[in-house]
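First comes the structure, then the notes that go with it.
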Amino acid sequence: MNNFAIELQKINKSFGPVHANKDIDLKVSKGTIHGIIGENGAGKSTLMSILYGFYHADSGNILIDGNETTIKDSNAAIAAGIGMVHQHFMLVENFSILENIILGAEGGQLLNSGIANARSELKRLSDEYGLDVDPDAIIEDVPIGVQQRVEILKTLYRGADILILDEPTGVLTPAEADQLFEILELLKQQGKTIILITHKLREIMAITDDVSVMRRGEMVATRTTKETNVEELAELMVGRRVLLQVEKGPADPKDVVLKVENLNVRDGRGVPMVKDVSFEVRAGEIVGIAGVAGNGQSELMECITGIEHAESGRVILNGEPIGVTGSSDPSDMRDRGMAHVPEDRHHMGLVLPFEEAENSILGIHQRPEYNKGIFLDIENIRKDANEKIEKYDIRPPNNRLKTANFSGGNQQKIVIAREIETNPEVLIVGQPTRGVDVGAIEFIHRRIIEMRDAGKAILLISVELDEIRSLADRVLVMFDGKIVGERPPETEEGAFGLLMAGIEDGDSAHQNGEAG
Amino acid sequence: MEFFETIILVLQSTVRLSVPLIFAALAGLYSERSGVFDIGLEGKMLAGAFAGASVASLYESAFLGLVGAVVVSMAFALVHAFASITQRGNQIVSGVAINFVAAGATVILGQAWFRQGGRTPPLSSDAKFNAIELPFAAELADVPILGPIYSDLLSGHFALTYFAFALVPFTWWVLFRTRFGLRLRAVGENPAAVDTAGISVVWLRYRAVLCCGALCGFAGAYLSMAISAGFGKNMTAGSGFIALAALIFAKWKPVNVMLACLLFGLLNAMEIRLQGKELPVIGEIPVQFMQALPYILTVILLAGFIGKAIPPKAGGVPYVKER
Amino acid sequence: MAAPYAKLPKWVDYGLLPLINILVAFLISGLVVWLADESPLKAAGLLIKGAFGYGEGIGYTLFYATSFIFTGLSVAIAIHCGLFNIGSEGQAYIGGIGVALACLAFDSTLPWFLVFPIAIVGAAIFGALWAFIPAYLQAKRGSHIVITTIMFNFIAASLMIYLLVDVFKPDGTMAPQTRGFEAGGQLPRLDWLFGIFGIRTGAAPLNVSFILALLSAFIVWAIIWRTRLGYEIRTRGFSPTAAKYAGINEARVIIITMMISGGLAGMMALNPIMGDQHQMQLDFVAGAGFVGIAVALMGRNHPAGIIPAAILFGVLYQGGAEISFEMPNISRDMIVIIQGLVILFAGALENMFRPFIVMIFANLQRSGSSKALEAGE
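Just so you know, the sequences run in chain order V, D and W. With our numbering, you'll find the first sequence wraps up at 516, consecutive numbering, no jumps. With our numbering, you'll find the second sequence wraps up at 839, consecutive numbering, no jumps. With our numbering, you'll find the third sequence wraps up at 1216, consecutive numbering, no jumps.
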């Protein structure tokens, strides 16, 4: 008699030509926290979706508590005692917390009795696991951390013994993440089994009992967390020693090119996202902005590049103030020598149904070299596209191919090529290597350093601290819409971690209130 | 006193004119609250009206006619469901298609089967719905003020009329007090949440769209078997679209739907009443202006000048499981 | 991760699949004919004969097609911008005001070739203005353009009744229509042109606006695929966020596209008013705006597809008249059914047969490659 809560045997899953899961074996012991780590696209989410009945495995067995179980849909997974907290919350935003919790487990055709039961049960669960929520609050009004608690309560309400959490800290502040870990620890003590999917090594080391590593669809190793270390896991993840340090010489900063003064930006719902931010970027340096996703970096970047407008503050480019509070727009910023590699190439940086050549002029399509009167100069556009394809080694080298048919790395190269080839004074780069293969990462990093060495001002925004530390010459840390500190990149990771959690120098008591 | 009688008369026709709107707008509410837009209310009403009158005239039975209207309208709804849920097609396009198929088919089949220029044969009083006198209506008619209100305004309507008004609180109850309603509202806002809760998005939306079909059938039956005795070519005359406008005007809420339909019904009643009459101060209002008023009001609402009409968040978007 | 559809050869994607969809639409229409106690085959024969059997039929077919090219282009250009303009019907109706005003003002003083350009501009301006309000509301206030354009169709209908009854109708007449136009308000027919090819179009009202329609199709093609504006339209149509990133003024593109769309719809009014009736009558659009939806979907929003699709609907309208003459059970309303079915199968259900075709092609390729293997060995 084993005591595995979950045992997966030889799970296979393909999407067309992509073999997302290859002969996956996994054993998760009861009452433990088991981490699954791997890069984006390693197949972690696919595996968990199979376990939760979202996808069906092409072959393989699933054993729950030692019994072979067929999980044909989410219902079967719930019946088998599996609960899942998705990366993107599965909540109905205009429903109350209570309504969200009973959805799918209403306990009868009519809501009356079910709701009453749910209310008392929710109270019990909240008390037992320290998951305090107001059952009548509307989801869209409560902070992200509370929304996540609701997701956990949903699974517990359905009697889940096995909880799967998919990248649960991606949207949390470090303080919120710590709270989550406390909750998970409590759940473990109560006998629940937890699977934690993440690509963050720190979390694995901090909370898990065991860890399994996935790479390119395969399960490459399982370790007891105590007996492994960050270096070994990182090596297992990427398959070779990670090149954390990019080769680069010292920076030679010159004049200030981009200056941001007291910038305030609200998002579409009117929530202040950037609060009184000031900094400057000089020619010949890379300034990195580190921070947990969702702390205002996106809004800051979109405001500087003219996509969204600021509420107040100033942006000065080459000594000239930009109308960030009203009149600025992206093409104006490009004309002033700014280039922008956006965070989201699928929705923003590229038009996926377009031919490669059409994307190679997105945003610069109104420049005279691509136009003849009101018409586009298609011949020149194709010639230009071919030059970039060659220079940036974009594959396949076909400017008529639909952009959607290029790999992630090559799509990103299309964007990078377009932006760098405008020969900008300032380059704003967001998440340059998200979802990009290792080869392309090196290529892209080298290009960015070359730009710096050519005397350009570069603002790099990334949620990957490693990327920031290896590329930037100065690092600003953003938390809750504010720049909370500046450090040289050599600063140790832990110190950055504290800053990213909003704990400023000599003021360790100052913490963001909403987490409480 | 004459003024009072006029008001009673106008209100009476307001009720009469708003009933098909209430049926159709509530129909749209079920569908759109589940995330399936439906601009095919008009077509389904028309098909229901035709089927109802045809069956009723064949079997000399109002009840069978009603069943026919509901069944045929639901069949059209099923097509819409298949196109927009199963095939994940464009819901607007599907709705447009249904309107045309219904507009053409009712005339062609009507002409082929009955040979009366697209009309169905006039229904006998057994084959149609008749007005119901509420108890003591005649006795109370002479009581001042309350008498006419009771016997002329509240009494003397069709069973379908009372049913339509009863459907308003019923729909509210279904939506906010039953499991089906909770899930229906959820699937219109975030189908992924419903899916991960182990509920079939497809089946849920199918049921919502079928509810929509059934209610459009009632709307059609009311037109061809209650206020008139038989089907006439294009007899809905845009009321499916007015119902759609009312649904938006009501911001997808059941009680508001009734109020919006009564408002649009009132405009229609006044338009008939005011035709060719000079009003003090404003003079004669062109009939066409009154006709266009529901549409103009809806546009003004949509423009955000009077509140904001926020549709169900997942409306119009087919649910795709893959992420 | 999962590719939703396997790739198919281009000719299957743009040729075979649409053809199958249209075919199914016609098969079901045949079923309706059969339900109406008539022979679908005979009806099809009458249809072809009525539309192509004699010169006048051809003339009428192309006369109807002229209107549908305009409205099809109108719907298509809006779709390229991600906008579903259901309002072509109303925009065409209002466009008539521009034509009527030009003709009423100049028909007795100027020759047709001078009135025509004024009428074109008038039609386009009035159609564009009617599209402007929904476009503005969409662009600036986020009002759903599908709903507003539906509403505007009804508002246009009421407005036009009012104008024709109370404003345009000459005193002392009963019918709600303008006075008849003099020679300057009458477009020349194209009988001479077709005469060259030995086709006598007889009394068919096919007129020079047909040539304008073909020219418009070419211009629309050039706008969408060859101009900077077209590039911006398509960018916004595929991805509003990418358009924003690219510095494309979204509101401007939406409004310009819709005004072009409305202008094209408005120009449809030239064909019946100046080309045929020589006066503005009630309901002269007669559903052509809605046919435009079917035409655009069937023609896959490409002018090269829209012209044949418009001609097909011209065939249906003209041949349908022939059918209703011979088969009293099958009135012109049959076309409305076909129109609906085409919209259903070419639009909402466009991918219904795709998995089936993909399967066939996968099998073909497998047997093909295994044969190649065998040959190699």
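Idealized CB from N, CA, C, for every residue including glycine. Just so we're clear, the structure is a prediction, and the values are computed from it rather than from any experiment.
- In this structure residue 969(W) is buried. Its beta-carbon is surrounded by 16 or more other beta-carbon atoms within 10 angstroms.
- Taking 8 Å as the threshold, the shortest C-beta distance from residue 150(V) to chain D does not fall below it.
- Under the three-state reduction of DSSP, residue 918(W) is assigned to helix.
- For residue 194(V) against residue 225(V), the beta-carbon gap comes to about 13 Å, at or over 8 Å, which does not count as contact.
- Following the DSSP letters along the chain, one finds residue 61(V) inside the beta strand (DSSP E) bounded by residues 59–64.
- Among the CB atoms of chain W, one or more fall inside 8 Å of the CB of residue 606(D).
- A distance of 8 Å or more separates the beta carbons of residue 1094(W) and residue 965(W).
- Judged by beta-carbon spacing, residue 332(V) lies within the 8 Å limit of residue 306(V), meaning their Cβ atoms are closer than that value.
- Ranked by how close their Cα comes to the Cα of residue 719(D), the residues 552(D), 524(D) and 764(D) have 552(D) in first place.
- Among the residues of chain V, none has a CB under 8 Å from the CB of residue 772(D); the nearest is roughly 16 Å distant.
- The shortest CA-to-CA distance from residue 880(W) to any of 891(W), 894(W), 890(W) and 865(W) is the one to 865(W).
- With fewer than 16 neighbouring CB atoms inside 10 Å of its own CB, residue 56(V) falls in the exposed class.
- From the beta-carbon of residue 348(V), the residues of chain W found nearer than 7 Å are 1080, 1081 and 1084.
- For residue 366(V), the neighbours in chain W by C-beta distance under 7 Å run, in chain order, 1067.
- Secondary structure note for residue 421(V): it is in no alpha helix (DSSP H), with a DSSP letter that is neither H nor E.
- Contact annotation: the segment 119–130 of chain V does not touch the segment 74–83 of chain V, with fewer than three C-beta pairs closer than 8 Å.
- Per DSSP, residue 280(V) is one residue of the beta strand (DSSP E) stretching across 272–282.
- Against residue 708(D), the close residues of chain V are 86, 88 and 90, in the order they occur along the chain (beta-carbon pairs closer than 9 Å).
- Leaving aside the five residues that flank residue 957(W) on each side, the residues in its chain whose CB is nearer than 6 Å to its CB run, in chain order, 941.
- Judged by DSSP secondary structure, residue 264(V) falls within the beta strand (DSSP E) whose first and last residues are 256–266.
- As summarised for the segment 782–837 of chain D, the continuous alpha helix (DSSP H) elements at least 4 residues long and confined to that stretch are 803–818, given in chain order.
- Within the segment 984–997 of chain W, no residue places its CB atom closer than 8 Å to a CB of chain V.
- Assignment of residue 12(V) by DSSP, reduced to helix, strand and coil, places it in the strand class.
- One finds 109, 110 and 111 in chain V with Cβ atoms closer than 8 Å to the Cβ of residue 694(D), taken in chain order.
- For residue 181(V), no chain W residue has a C-beta closer than 7 Å to its own C-beta; the minimum C-beta separation is roughly 30 Å.
- Going by beta carbons, residue 136(V) and residue 98(V) fall inside the 8 Å limit.
- Residue 195(V) is bridged by DSSP to 34(V) and 164(V).
- When 536(D), 568(D) and 786(D) are compared, the shortest CA-CA separation from residue 637(D) is found for 568(D).
- Listed as beta-bridge partners of residue 224(V) by DSSP are 210(V).
- Residue 836(D) is positioned such that its CB atom lies no closer than 8 Å to that of residue 1136(W).
- Distance from the Cα of residue 656(D) is smallest, within the candidate group 750(D), 778(D) and 666(D), for 666(D).
- Residue 1070(W) belongs to the set of residues whose beta carbon lies under 8 Å from a beta carbon in chain V.
- Inter-segment contact for the segment 1189–1205 of chain W and the segment 642–659 of chain D is absent: fewer than three beta-carbon pairs are separated by less than 8 Å.
- In the three-state reduction of the DSSP assignment, residue 483(V) falls in the strand class.
- Under the DSSP assignment, residue 290(V) falls in the beta strand (DSSP E) whose first and last residues are 286–290.
- Per DSSP, residue 386(V) is one residue of the alpha helix (DSSP H) stretching across 378–391.
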